[in-house]
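Trainee: Going by UniProt numbering, 475 is the number at position 475 of the sequence shown; the sequence numbering is gapless.
Cβ atoms here follow ideal geometry from the backbone N, Cα and C, with glycine treated the same way.
Following this message is one structure expressed as structure tokens.
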Amino acid sequence: MEQEHLGMNLFKPSRTRTNGFVIVELLFGLIIFAIASAIGVSLVADRMDAQNYQIAAQQQQQIAEAASKYLKDNFSTVYGSAGTTTPATITPQMLRNTNYLPASFSDTNAFGQRFVVLARRVNVNQLESIVITTGGQAIDEIGTRTIAENMGAPGGFIPFNNTGVMQGVRGGWQLALSNYGINPGVGHTASALFLQDGTLSNDYLYRNAIPGKPELNRMNTALSMGGNNVNDVAALNASGTVTVGGNVDTAGSVNATGNVNASGSVTAQGNVSASGSVTAQSNVVAAGDVYAQSVNASANLTGAAARISGETVTGGWFRTQGDTGWYSEKWGGGWYMSDSDWVRVYGDKNLYTAGNIRGGTVTSEGRATVGEYLQLNGVATAGTACAANGMVGRTSTGRSLSCDNQVWVVNGSSAPTCTAKTINGYDANDATTYSCPVGYTKVGWDTTGSGQRNSSTPGIVIGQNDYATIFCCQF
């Protein structure tokens, strides 16, 4: 029996070892429960904080809405009492007394912070107003940022790294606390309200038009796109200069009532039209036509062809570089030069003028017709030599002369009547100084004795004389 009892004990589990396992399991269970409880408590606390943040944001939004209505309805009164650094103060009690807040609305938020509305004058008929919390429990920055975000764009807070300002959500706006003479410290929230002419606005650019409020769609400072594009612009209107560092590409027109200045190229696939001047310090290059009321160039104007509907005026020369000149497209005539000597009439057209045509020599290869009188200004003396047969001139009295056998002959007269005049008591000088009778021309003289004498005029024979003689002819 004893052996049997001993054998049975060999197969029975030890009670002591079993109890040890139970204690370890219980310990692990307690640890897990403690961790779960801590997590649960943290989650509950976070949930409660989130609810408090949302409640605080809703409370401040309600204060902001009530303050906005109060400021619009009492703008003149508040504006009159507000200074630039000494703002007017509106309390929740004032908002309750004037029925802008329910009578039961609290002066404090979920964290015991007291609401106050401050409005200061920043411009003519313009108030800059805020809702800010003071006192109470300071909220950590995660909380103030969360409350501000729950309030939307007007929401803000006092950041721990810059306690002298109120800052909007994600840096959307910033105001100096010194402008309001207040600084509740880190852990407090704010809302921005801006009024102009008694109407609520804010520092944000509205996407849509607000009737009677064009300033809500107006920038008050330069707009930086940070290297990004502005797309789908219907019209871009600028009262000042539009400066472009790159290209200006347009599928339509570029219209300017003032100047369009470019330090580089202006390239257009279509037309470039200007109601005023187009000024270029360099070249204007066009693959097509250039139409302008006036074109002023201090350098060269180069083109394949220029068509001008009005007059063309130049202070210098009109120059052609080939065998061309001026051409009348309508009538087919003009002027041109094809060599270095002659200016020619294109198309063998006639040359007509009611004025004068003047030149050194006038040559006709055909007949010369005179519609009135032929005025001869070349004066010669009958009986004197002439250069070439066929020349026509006149005497000093107007009788016409012809060059015949290289002697000027009065046209229409017969052979001249000539005579020899004897000089009585002659002397060597008498022959040269003696004058012929009136109507006669002295044609020669002789002082050497008898014989036939020729005059000094070629072709005239006078006769014989043994005395000093002068020879006179009547032409």
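Using a Cβ-Cβ cutoff of less than 7 Å, which residues in the same chain neighbour residue 82 once the five nearest sequence positions on both sides are dropped?
Mentor: 88, 119, 120, 121, 127
Trainee: Do you know whose CA, among 418, 417, 400, lies nearest residue 411's CA?
Mentor: 400
Trainee: State the DSSP-derived secondary structure class of residue 191, mapped to helix, strand or coil.
Mentor: In this structure, residue 191 counts as strand in the three-state DSSP scheme.
Trainee: Rounded to the nearest angstrom, what separates residue 183 and residue 274 at their Cα positions?
Mentor: 58 Å
Trainee: Rounded C-beta distance between residue 63 and residue 131? I'm assuming under 8 Å.
Mentor: Rounded, the Cβ-Cβ distance is 5 Å, consistent with contact.
Trainee: By the three-class DSSP mapping on this structure, what secondary structure does residue 73 have?
Mentor: helix
Trainee: Any idea which residues DSSP pairs residue 470 with across the strands?
Mentor: 421, 445
Trainee: Kindly indicate which three-state DSSP category residue 120 falls into: helix, strand or coil?
Mentor: For residue 120, the three-state secondary structure derived from DSSP is strand.
Trainee: For residue 181, I'd like the list of residues in its chain whose CB is within less than 6 Å of its CB, leaving aside the five on either flank, ordered along the chain.
Mentor: Excluding residues within five positions, none has a Cβ falling inside 6 Å.
Trainee: Note down the Cα distance separating residue 77 from residue 148, rounded to an integer number of angstroms.
Mentor: 30 Å
Trainee: Within a Cβ cutoff of 6 Å, which residues of the same chain sit near residue 174, ignoring the five residues on either side of it in sequence?
Mentor: 165, 167
Trainee: Could you compute how far the alpha carbon of residue 349 sits from the alpha carbon of residue 333?
Mentor: 6 Å
Trainee: What's the C-alpha gap between residue 305 and residue 338?
Mentor: If you draw a straight line from the Cα of residue 305 to the Cα of residue 338, it is about 21 Å long.
Trainee: Anyone know if the C-beta pair for residue 134 and residue 113 falls short of 8 Å?
Mentor: With a cutoff of 8 Å on beta-carbon distance, residue 134 and residue 113 are scored as near each other.
Trainee: Using the Cα positions of residue 156 and residue 97, report the straight-line distance between them to the nearest angstrom.
Mentor: 27 Å
Trainee: Quick one: is residue 320 buried, meaning 16 or more other Cβ sit within 10 Å of its Cβ, or exposed?
Mentor: exposed
Trainee: Classify residue 492: buried if its beta carbon has 16 or more other beta carbons within 10 angstroms, exposed otherwise.
Mentor: Shown here, the chain extends from 1 to 475; a query on residue 492 therefore has no answer.
Trainee: Only counting the same chain, and skipping five residues up and downstream in sequence, which positions put a Cβ closer than 8 Å to that of residue 408?
Mentor: 380, 381, 382, 383, 384, 385, 386, 393, 401, 402
Trainee: Within the continuous alpha helix (DSSP H) that includes residue 487, where are the two ends?
Mentor: Lying outside 1 to 475, the shown extent of the chain, residue 487 is not represented and no answer is given.
Trainee: Do you know offhand how far residue 6's Cα is from residue 30's?
Mentor: With a pLDDT of only 45 at residue 6, under 50, the local geometry of the prediction cannot be trusted, and the value read off the model is given with reservation. About 39 Å.
Trainee: Let me check one thing: in DSSP terms, what residues is residue 317 bridge-paired to?
Mentor: In the DSSP output, where bridge partners are listed per residue, residue 317 has none listed.
Trainee: Mind checking residue 146: buried by the 16 CB within 10 Å criterion, or exposed?
Mentor: buried
Trainee: Name the DSSP bridge partner or partners of residue 115?
Mentor: DSSP, once it has assigned bridges, lists 133 as partnering residue 115.
Trainee: Determine which residues share a DSSP beta bridge with residue 105 and list them.
Mentor: Bridge partners of residue 105 according to DSSP: none are assigned.
Trainee: Counting C-beta neighbours from all protein chains within 10 Å, is the total for residue 471 16 or more, i.e. buried, or is it exposed?
Mentor: Only buried fits residue 471, as 16 or more other CB atoms lie within 10 angstroms of its CB.
Trainee: Taking the alpha-carbon of residue 526 as reference, which of 437, 438, 469 has the nearest alpha-carbon?
Mentor: Past the edges of the chain, shown from 1 to 475, lies residue 526, and the structure says nothing about it.
Trainee: Could you check which residue in 421, 317, 295 has the C-alpha nearest to that of residue 308?
Mentor: 295
Trainee: How far does the beta strand (DSSP E) with residue 166 in it extend, from its first residue to its last?
Mentor: Here the beta strand (DSSP E) through residue 166 covers 165 to 168.
Trainee: Which one or two residues does DSSP pair with residue 291 in a beta bridge?
Mentor: Looking at the DSSP assignment, residue 291 forms no beta bridge with any residue, so it has no partner.
Trainee: Buried or exposed, going by whether 16 or more other CB atoms sit within 10 Å of the CB of residue 318?
Mentor: exposed
Trainee: Taking the DSSP output, what are the residues bridged to residue 284?
Mentor: In DSSP, residue 284 forms no bridge with anything.
Trainee: Roughly how many angstroms lie between the CA atoms of residue 479 and residue 312, to the nearest whole one?
Mentor: It is not possible to answer for residue 479, since the shown part of the chain is limited to 1 through 475.
Trainee: Does DSSP put residue 88 in a helix, in a strand, or in coil?
Mentor: strand
Trainee: So for residue 400, helix, strand or coil by DSSP?
Mentor: Strand.
Trainee: Are there 16 or more other CB atoms within 10 angstroms of the CB of residue 405, so buried, or fewer, so exposed?
Mentor: exposed
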